[in-house]
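Numbering (this note's numbering), first residue to last: 1160 to 1418.
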């Protein structure tokens, strides 16, 4: 603080916990570390978001023209908090960060008044009474389970007319025998199959499928991922849109983009 690197003790602590303070080539990772008085202390420039997830969400919001302004949101599978960070930086009123893990959410977000933290919480078994509001907007990025398994819960905890943005990871939507190559799904037909199965599944729920796009950032292991944007509605209705063609076009665009 004396060197002007932080405006408060709370901010200084956040910088340390995020690994952004160093002296020479050494990172300062504990607030209680002692250093010589003449040590040169530096602040490592921060990225706009706490993780690459922020850039991933930014991409789809730009592609679809979505807005987080004044939204009450829920981030399902929040992990470090990239999605939560993006939503807050773009005007969300409040975000509930839900994750089955513990201690993953960034220090900055954990100490933000606009973030409700629900750790060690499997969204499938979340009791609605633990939430302070019905969300206007839900974003979901889950691994090792199909997005199909959490849709009912998302509908239970969101407000009428809520926007629901689902990150589709084909490797978790396909049958095990279809996923080879160490979990990397490369075939167009498998991407088409995964998306088609989900869209057909959604016809059984009170939602409308507004958009399907590919993510401009691949998954951590190199998988192509897709976004489906839904609006919660009163009744389940089968869309008249030709989703076979839409999905085929989106998958082809994704493969061309990453070729």
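Heads up, the beta-carbon is just placed ideally off N, CA and C, and yes, glycines get one too. These numbers come from a predicted model, not from an experiment.
- Cα atoms of residue 1185 and residue 1243: separation of roughly 30 Å, rounded to the nearest angstrom.
- Beta-bridge partners assigned by DSSP to residue 1201: 1181.
- For residue 1328, the number of other beta carbons within 10 angstroms of its own is at least 16, and it is reported as buried.
- Residue 1369 carries a strand assignment under DSSP once its states are collapsed to helix, strand and coil.
- For residue 1353, the enclosing alpha helix (DSSP H) starts and ends at 1347-1361.
- The C-beta of residue 1284 has fewer than 16 other C-beta atoms within 10 Å across all chains shown, which makes the residue exposed.
- Distance from the Cα of residue 1198 is smallest, within the candidate group 1208, 1207, 1187, for 1187.
- Here the alpha carbon of residue 1393 sits roughly 46 Å from the alpha carbon of residue 1174.
- The region 1229-1238 makes contact with the region 1259-1267: 3 or more CB pairs, one atom from each, lie closer than 8 Å.
- Contact annotation: residue 1388 and residue 1322 have beta-carbon atoms nearer than 9 Å.
- Going by beta carbons, residue 1230 and residue 1250 fall inside the 9 Å limit.
- Annotation note: the region 1214-1262 contains the following uninterrupted alpha helix (DSSP H) runs of length 4 or greater, listed N- to C-terminal: 1241-1248.
- Burial state of residue 1316 is buried, judged by a 10 Å Cβ sphere holding 16 or more other Cβ atoms.
- A Cβ-Cβ distance of about 7 Å is found for the pair residue 1227 and residue 1296, placing them in contact under the 8 Å criterion.
- The Cβ neighbour count for residue 1413, taken over all protein chains shown within 10 Å, is at least 16; the residue is labelled buried.
- Residue 1275 and residue 1376 have their alpha carbons spaced roughly 27 Å apart.
- According to the DSSP assignment, residue 1295 belongs to the beta strand (DSSP E) that extends over 1294-1299.
- Cβ atoms of residue 1314 and residue 1365 come within 8 Å of each other, at about 7 Å.
- A distance below 6 Å between beta-carbons, with the five flanking residues on each side excluded, links residue 1279 to the following residues of its chain, in chain order: 1261.
- DSSP places residue 1342 in the helix class (H, G or I) of the three-state scheme.
- Here residue 1212 carries a helix assignment [DSSP, helix/strand/coil].
- Bounds of any alpha helix (DSSP H) do not take in residue 1284, whose DSSP letter is neither H nor E.
- Shortest Cα-Cα distance from residue 1232 to any of 1273, 1203, 1265, 1224 involves 1273.
- By the 16-neighbour rule on beta-carbons within 10 angstroms, residue 1288 is exposed.
- Here the C-alpha atom of residue 1336 lies approximately 19 Å from the C-alpha atom of residue 1384.
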